[in-house]
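Reading through the structure tokens given below for one structure.
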Amino acid sequence: MSQADPTSRLIARYRQRIEAARVYDVAVRSPLSDAPRLSARIGNQLLLKREDLQPVHSFKLRGAFNRIVHIPEAERARGVVCASAGNHAQGVALAARTLGCPSWIVMPRTTPQIKIDAVRGFGGRVVLHGDAYDDASAHAAKIVEERGATYIPPYDDPLVIAGQGTIAREIVEQLEAANEAPLDAVFVCVGGGGLLAGVAAYIKAVSPGTRVIGVEPEDSDCMGRALAAGRRVKLPQVGLFADGVAVRQAGRETFRVARATVDAMMTVSIDEICAAVRDVFYENRSVPEPAGALAVAGAKRWALEHGARDQRLCAIVSGANVNFDRLRHIAERAELGDHTEALLAVTIPERPGAFRAFCRDLGRHGITEFNYRYADSQSAHIFVGVRVTGGLEEAADLVEQLRGKDYAVVDLSGDEMAKVHIRYMVGGRAPGLSDERLFRVEFPERPGALLTFLNKLGTRWNVSLFHYRNHCSAHGRVLLGLQVPRGQVRAVRARLDATGYPWWEESGNAAYGLFLGTD
Numbered sequence: 011m012s013q014a015d016p017t018s019r020l021i022a023r024y025r026q027r028i029e030a031a032r033v034y035d036v037a038v039r040s041p042l043s044d045a046p047r048l049s050a051r052i053g054n055q056l057l058l059k060r061e062d063l064q065p066v067h068s069f070k071l072r073g074a075f076n077r078i079v080h081i082p083e084a085e086r087a088r089g090v091v092c093a094s095a096g097n098h099a100q101g102v103a104l105a106a107r108t109l110g111c112p113s114w115i116v117m118p119r120t121t122p123q124i125k126i127d128a129v130r131g132f133g134g135r136v137v138l139h140g141d142a143y144d145d146a147s148a149h150a151a152k153i154v155e156e157r158g159a160t161y162i163p164p165y166d167d168p169l170v171i172a173g174q175g176t177i178a179r180e181i182v183e184q185l186e187a188a189n190e191a192p193l194d195a196v197f198v199c200v201g202g203g204g205l206l207a208g209v210a211a212y213i214k215a216v217s218p219g220t221r222v223i224g225v226e227p228e229d230s231d232c233m234g235r236a237l238a239a240g241r242r243v244k245l246p247q248v249g250l251f252a253d254g255v256a257v258r259q260a261g262r263e264t265f266r267v268a269r270a271t272v273d274a275m276m277t278v279s280i281d282e283i284c285a286a287v288r289d290v291f292y293e294n295r296s297v298p299e300p301a302g303a304l305a306v307a308g309a310k311r312w313a314l315e316h317g318a319r320d321q322r323l324c325a326i327v328s329g330a331n332v333n334f335d336r337l338r339h340i341a342e343r344a345e346l347g348d349h350t351e352a353l354l355a356v357t358i359p360e361r362p363g364a365f366r367a368f369c370r371d372l373g374r375h376g377i378t379e380f381n382y383r384y385a386d387s388q389s390a391h392i393f394v395g396v397r398v399t400g401g402l403e404e405a406a407d408l409v410e411q412l413r414g415k416d417y418a419v420v421d422l423s424g425d426e427m428a429k430v431h432i433r434y435m436v437g438g439r440a441p442g443l444s445d446e447r448l449f450r451v452e453f454p455e456r457p458g459a460l461l462t463f464l465n466k467l468g469t470r471w472n473v474s475l476f477h478y479r480n481h482c483s484a485h486g487r488v489l490l491g492l493q494v495p496r497g498q499v500r501a502v503r504a505r506l507d508a509t510g511y512p513w514w515e516e517s518g519n520a521a522y523g524l525f526l527g528t529d
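For what it's worth, this note's numbering labels the leading residue of the sequence shown as 11, then goes sequentially.
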């Protein structure tokens, strides 16, 4: 393209802005590290750009500082304002403190205390207002008007975009310093588009053969839809799992730049994001937030869908401000994201030995989870997780094999309600069920351990409740309900002793009486 071409002019202008951007008063040159485990799995060389190692554990401070440092000193003295409950808030707070100007960070009252404390720790003056972002944003505008302060946008500003674009400049320089060839593709997480626009503009200026691919969650894909439509669109609602990119409409400037420089957009599922969080942890023992792992999830899916081999890819790990209480949910969904687990609803006969027969019919497939509660005397509906190594194809084959053995099977692996709610709600009371006794059992976790336990237990007593989840720990934990006639209590205890596994009777447990009991 000639210099007169509008796209060429746009790219050249942003290259100048990025090369002139001032970010290193607060930011570090984050590592560009190998990911050997992931590379081997996807058959391509994958590099990770570690923006989770920034002082605020996110790339956001780059754009915030570059925007604030360009404010004339007299105006800067009146302070800066932003509305944010996330990484932008911390970036603005640290940038303002470094430049010696006051900052007001308006956050909804619903913001978790850990994020409020983090912003205060970086010197921001936290203003809690309203119950949602829109309330906080309106109040931020009021502070701007009252104090003559400057509003710092999270993404839709050329200086913010240029600050984020310094990441791409570092990637190029790090590859050159290592005498390595240019990348075949770089994957970038996308919310409002500031990071995508900055990275894409610089990459296309210096390495036009490198593809720039934006990655969004399936339920928050405002930029992808905008580029497909040729105009900005506003989503009616967005998913909040990857809250760092939960944006309803891409920025005006970010859309303009992305439209001229981005090669492709793609979406990934919540399960795939969770798998990517786990992958990054296994790779370098760090825990990215869901939005921070988006690009990794995108690189994995892209390599699989395109059959790519021996290509040089880079994923930007954009942040690591994850709430600790979300890790349990992430861990539960990671195997589904890699298609190494299938969740099934299966109907089996309600009779002694039926559960063991089902486990035997699964063959070599290990059970990762089993939830069941007695419902009636004819049929038992079980919620079961099954490990698969061949992905979706193997899971589909397993379903057909079970149906061929006269089991009614529903594949719930893609059912969001089942994964978020139903798996934890299977059960409850079983009124009228007689002679139930409850036991808690632990056994060494190894392939076939659950079936071994059932074989040792035998089929004399009907299983009326069963809960098991494989957590990849040293011991499996089972909660077991058995129908034991009064004269057979001593016999069932002897049988449990004979299994050789530690067990505890929980029939008198108050929680059992309140939530699972038969009366």
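We put the CB at the ideal spot given by N, CA and C, even for glycine. Just so we're clear, the structure is a prediction, and the values are computed from it rather than from any experiment.
Taking the C-beta atoms as reference points, Y212 is found nearer than 8 Å to I28. By the beta-carbon neighbour count (other beta carbons within 10 angstroms, threshold 16), M233 is buried.
Going by DSSP, V290 is part of the alpha helix (DSSP H) stretching over I280 to N294. Assigned with DSSP and collapsed to three states, E155 falls in helix. Considering only V451, V33, L57 and V36, the residue with the shortest C-alpha distance to L42 is L57. Secondary structure note for H316: its alpha helix (DSSP H) is the uninterrupted segment L304 to H316. Within the DSSP bridge table, the entry for F69 names no partner.
Separation of the CB atoms of V327 and D62 is rounded to 5 Å, and the pair is thereby assigned contact status at 8 Å. In the structure shown, C232 adopts helical secondary structure according to DSSP, grouped into three states. In the DSSP assignment, the residues bridged to T160 are V90. Taking a contact to require three or more Cβ pairs closer than 8 Å, the segment 178-190 and the segment 152-166 do not qualify as touching. In the DSSP annotation of this structure, the continuous segment of the alpha helix (DSSP H) that includes K125 starts and ends at Q123 to G131. A103 sits buried, since 16 or more C-beta atoms from the chains shown fall within 10 Å of its C-beta. Measuring C-alpha to C-alpha distances from V243 to each of A106, F251 and R262 identifies R262 as the nearest. Bridge pairing for S474: absent [DSSP]. According to the DSSP assignment, Q174 belongs to no beta strand (DSSP E) but to the alpha helix (DSSP H) extending over P168 to A187. Rounded to whole angstroms, the gap between the alpha carbons of A128 and P495 is 58 Å.
Each residue's CA atom was taken as its position, placing V248 and V200 some 13 Å apart.
Looking at the DSSP output, K59 shares a beta bridge with L42 and I326. DSSP places L353 in the strand class (E or B) of the three-state scheme. Where T378 is concerned, the enclosing beta strand (DSSP E) starts and stops at I377 to R383.
About 6 Å separates the Cβ atoms of T264 and G204, confirming a contact at the 8 Å cut-off. Here A285 is near G347, since their CB atoms are less than 8 Å apart. Beyond the five residues adjoining it in sequence on each side, T469 comes within less than 7 Å, by CB distance, of P362, G363 and R366 in the same chain, given in chain order.
About 6 Å separates the Cβ atoms of I177 and F69, confirming a contact at the 8 Å cut-off.
With respect to the 8 Å criterion, A313 and E282 are not classified as neighbours on the basis of their beta carbons. For F251, same chain residues with a beta-carbon under 6 Å away, outside a window of 5 residues either side, are I280 and P300 in chain order. Per DSSP, reduced to three states, the secondary structure at T277 is strand. The beta-carbon separation of M275 and L323, rounded to 16 Å, does not stay under the 8 Å limit for a contact. Two segments are said to touch when three or more pairs of C-beta atoms, one from each, lie closer than 8 Å; by this definition the segment 107-115 does not touch the segment 44-54. Pairwise C-beta distances place the segment 509-527 in contact with the segment 439-453, as three or more of them are shorter than 8 Å.
Assignment of beta strand (DSSP E) within the segment 221-265, counting only whole runs of 3 or more residues, yields 221-227 in chain order. The beta carbon of H375 sits closer than 7 Å to the beta carbons of V396, R397, V398 and L408 from its chain, once the five residues preceding and following it are set aside; these are given in chain order. If you ignore the 5 residues before and after S423, its C-beta comes within less than 7 Å of the C-beta of L346, A352, L353 and A405, all in its own chain and listed in chain order.
It is roughly 16 Å from the alpha-carbon of V154 to the alpha-carbon of E83. With 16 or more other Cβ atoms from the protein chains shown falling within 10 Å of its own Cβ, A215 counts as buried.
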